[in-house]
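Counting from 1, position 258 in the sequence shown corresponds to residue 258 in my numbering; the numbering is continuous, with no gaps.
All remarks here apply to the structure that follows.
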Amino acid sequence: MVLDEIKYQTYVQILKEELVPAMGCTEPIALSYCASKARDILGTTPTRCLVEISGNIIKNVKSVIVPNTNGLKGIEAAGIIAGNANKVLEVIADVKKDQIKEIKDYLEHNCIIVRPLETEHILDIKITLFDDDNYAMVRIVDQHTNIISIEKNHRVLFSKENKICNNEMVIDRCSLNVKDILEFANIVDLNDVKEIISRQIAYNSAIAKEGLTNNYGANIGSVLLNSGQDIITRAKAFAAAGSDARMSGCELPVVINSGSGNQGMTVSLPIIEYAKELNVNDEKLYRALVLGNLIAIHQKNGIGRLSAYCGAVSAGCAAGCGIAYLYGADYECIAHTIVNSLAITSGIICDGAKSSCAAKIAASVDAGILGYKMYLDGQEFKDGDGIVVKGVENTIRNVARLGKEGMKETDKEIIKIMTNC
Numbered sequence: 001m002v003l004d005e006i007k008y009q010t011y012v013q014i015l016k017e018e019l020v021p022a023m024g025c026t027e028p029i030a031l032s033y034c035a036s037k038a039r040d041i042l043g044t045t046p047t048r049c050l051v052e053i054s055g056n057i058i059k060n061v062k063s064v065i066v067p068n069t070n071g072l073k074g075i076e077a078a079g080i081i082a083g084n085a086n087k088v089l090e091v092i093a094d095v096k097k098d099q100i101k102e103i104k105d106y107l108e109h110n111c112i113i114v115r116p117l118e119t120e121h122i123l124d125i126k127i128t129l130f131d132d133d134n135y136a137m138v139r140i141v142d143q144h145t146n147i148i149s150i151e152k153n154h155r156v157l158f159s160k161e162n163k164i165c166n167n168e169m170v171i172d173r174c175s176l177n178v179k180d181i182l183e184f185a186n187i188v189d190l191n192d193v194k195e196i197i198s199r200q201i202a203y204n205s206a207i208a209k210e211g212l213t214n215n216y217g218a219n220i221g222s223v224l225l226n227s228g229q230d231i232i233t234r235a236k237a238f239a240a241a242g243s244d245a246r247m248s249g250c251e252l253p254v255v256i257n258s259g260s261g262n263q264g265m266t267v268s269l270p271i272i273e274y275a276k277e278l279n280v281n282d283e284k285l286y287r288a289l290v291l292g293n294l295i296a297i298h299q300k301n302g303i304g305r306l307s308a309y310c311g312a313v314s315a316g317c318a319a320g321c322g323i324a325y326l327y328g329a330d331y332e333c334i335a336h337t338i339v340n341s342l343a344i345t346s347g348i349i350c351d352g353a354k355s356s357c358a359a360k361i362a363a364s365v366d367a368g369i370l371g372y373k374m375y376l377d378g379q380e381f382k383d384g385d386g387i388v389v390k391g392v393e394n395t396i397r398n399v400a401r402l403g404k405e406g407m408k409e410t411d412k413e414i415i416k417i418m419t420n421c
């Protein structure tokens, strides 16, 4: 690969599109973005609201605290009154104290109706806001900011086929593969990625420290550190602590990966901690993060943004690869790290965003590190061991098939259980 190849520019653009800041869990934030956009179109505070959403949105919003709401949870808390749609995934970053009171007062009027949306899309949000005889409707499909239709008073203001909008997922991810990702990480001009990677380091490290300092969720990060201070424990603890804080409404932003803040923290924070332990220079750290982020994106590309398959598994596996890179790993080592890791933890389910995500993150990071340690000791899971087949790309495809197709019915049952159906 040379610097002017199309693939080089594609990989740079993928990182720019994926590694963006978000404040709060991305599903309620997508709701807030959609609602704020609809409120702008309506031109006034609505007297009533109809929120129609797919099952996976219900699952991922039900139990998570929305930032800047004074601890409110759930669909109704997400962004009808406050929010700046121009800030996209940081839509509620600048909510004022008086607006928080307005949110609570508005919810007490019980004028928000939530309905499951019969749809073929895993991620589907349709919000209609009413004021007397006027209404405004905005719909988002498949990606967290992908608005496909805007309507006001029976007049279509914007409509498009379900193609990704200009600010997200412009570049096809299908060119990603482990061999080229490693080569890209080795040769990338760091000036092309320094801004986004340095922001990921700063944002995600800050929320991890916050999670370890204060009381959030089940405090998985602190529990881990209380059990030991070795580097493996610290790698798991920092990633878990970031999730502790984020799932509990912490008002610090994170840099996401594959549409998820938890995945962004899971892939980055263990690599950052290992870089400190090994005292590597910034260049080595940046290249390791480039590798880890792209491997996480590669895995999730075949699964999709939302699934019954826990995305922390992909990110923890990718963190193991980034850690291996810090130690000087070659392609064979990274490929075996991926296969070994995925063989361990691919059965973890996603039952929505909430405090237990932090524990799943810790388990996934542990599997990523174990996958690497297995390779160092000459151990591996071989072709025919369950879903493992010969070739890292073939195993990644099997896991994608499992997550996207095989777990569809599991996803339905999870949603039924969570909604008492």
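Cβ coordinates follow ideal geometry from the N, Cα and C atoms, glycine included.
Closest to residue i by C-alpha separation, out of the options, would be which residue?
{"i": "Cys111", "options": "Glu413, Pro46, Lys390, Ala288", "result": "Pro46"}
{"i": "Thr419", "options": "Thr44, Ile57, Cys34, Ala362", "result": "Ile57"}
{"i": "Gly264", "options": "Ala237, Gln200, Ala241, Gly221", "result": "Gln200"}
{"i": "Ala400", "options": "Gly304, Gly352, Ser356", "result": "Gly304"}
{"i": "Gly43", "options": "Asp377, Asp132, Thr69", "result": "Asp132"}
{"i": "Lys7", "options": "Ser268, Val138, Ala185", "result": "Ala185"}
{"i": "Ser314", "options": "Ala296, Asp330, Tyr331", "result": "Ala296"}
{"i": "Arg155", "options": "Asn134, Cys174, Lys284, Ile417", "result": "Asn134"}
{"i": "Val178", "options": "Glu283, Thr395, Met407, Glu413", "result": "Thr395"}
{"i": "Leu31", "options": "Cys174, Glu251, Tyr11, Lys73", "result": "Lys73"}
For residue i, does the three-state DSSP call read helix, strand or coil?
{"i": "Ser307", "result": "coil"}
{"i": "Ala136", "result": "strand"}
{"i": "Leu278", "result": "helix"}
{"i": "Ser356", "result": "coil"}
{"i": "Leu117", "result": "coil"}
{"i": "Asn166", "result": "With a pLDDT of 38 at Asn166, under the threshold of 50, the modelled position of this residue cannot be trusted; read the value that follows with caution. DSSP places Asn166 in coil when its eight states are reduced to three."}
{"i": "Arg173", "result": "coil"}
{"i": "Val156", "result": "strand"}
{"i": "Ile232", "result": "helix"}
{"i": "Glu151", "result": "strand"}
{"i": "Ile348", "result": "coil"}
{"i": "Gly320", "result": "helix"}
Quick one: what's got a C-beta closer than 8 Å to residue i's C-beta in the same chain, skipping five residues either side?
{"i": "Met169", "result": "Because the pLDDT at Met169 is just 49, under 50, the model does not fix this residue reliably, and the point stays unresolved."}
{"i": "Ile164", "result": "Any answer about Ile164 is weak, because its pLDDT of 45 lies below 50 and its placement is not dependable; what the coordinates show is given next. Cβ within range, chain order: Asp142, Gln143, Asn146, Val170."}
{"i": "Val231", "result": "It should be pointed out that residue 231 corresponds to Ile in this sequence rather than to Val. So the qualifying residues of the chain are Glu273, Tyr274, Glu277."}
{"i": "Arg287", "result": "Ala185, Asn186, Val188, Leu190, Tyr325"}
Would residue i and residue j be called neighbours here (beta carbons separated by less than 8 Å)?
{"i": "Ala82", "j": "Val95", "result": "yes"}
{"i": "Tyr438", "j": "Ser248", "result": "Residue 438 is absent from the structure shown; the chain starts at 1 and stops at 421."}
{"i": "Ala319", "j": "Thr266", "result": "yes"}
{"i": "Gly311", "j": "Thr337", "result": "no"}
{"i": "Glu27", "j": "Val61", "result": "yes"}
{"i": "Gly242", "j": "Ala208", "result": "yes"}
{"i": "Val88", "j": "Ala353", "result": "no"}
Who are the Cβ neighbours of residue i in its own chain at under 6 Å, not counting the five residues just before and after it?
{"i": "Asn166", "result": "Only weak support exists for where Asn166 lies, its pLDDT of 38 falling under 50; the value from the coordinates is given anyway. Nothing listed; no residue qualifies."}
{"i": "Met374", "result": "Asn340"}
{"i": "Met137", "result": "Thr128, Glu151"}
{"i": "Ala237", "result": "Gly221, Leu224, Leu225"}
{"i": "Ala343", "result": "Phe381, Val388"}
{"i": "Ser159", "result": "Ser149"}
{"i": "Lys306", "result": "According to the sequence provided, residue 306 is Leu. The question's Lys does not apply to it. Only Asn56, Ile122, Leu123 meet the Cβ criterion."}
Apart from the five residues on each side of it in sequence, which residues of its chain come closer than 7 Å, Cβ to Cβ, to residue i?
{"i": "Glu90", "result": "Pro21, Ala22, Met23, Pro253"}
{"i": "Ser36", "result": "Gly79, Gly83, Asn84, Ala85, Val91"}
{"i": "Thr119", "result": "Ser54"}
By DSSP's criteria, residue i is part of a beta bridge. Which residues make up the other side?
{"i": "Ala22", "result": "Val254"}
{"i": "Asp131", "result": "Asn134"}
{"i": "Lys126", "result": "Glu52, Arg139"}
{"i": "Lys62", "result": "In DSSP, Lys62 forms no bridge with anything."}
{"i": "Ile112", "result": "Cys49"}
{"i": "Lys73", "result": "Ile65"}
{"i": "Val387", "result": "Looking at the sequence shown, residue 387 is not Val but Ile. Beta-bridge pairing links Ile387 to no other residue."}
{"i": "Ser32", "result": "BP columns for Ser32 are empty, so no partner."}
{"i": "Ser260", "result": "Asn257"}
Examine the ligand SAM and report whether any of its heavy atoms sits within less than 7 Å of the Cβ of residue i.
{"i": "Asn301", "result": "Absent from the structure shown: the ligand SAM. Ligands present: none."}
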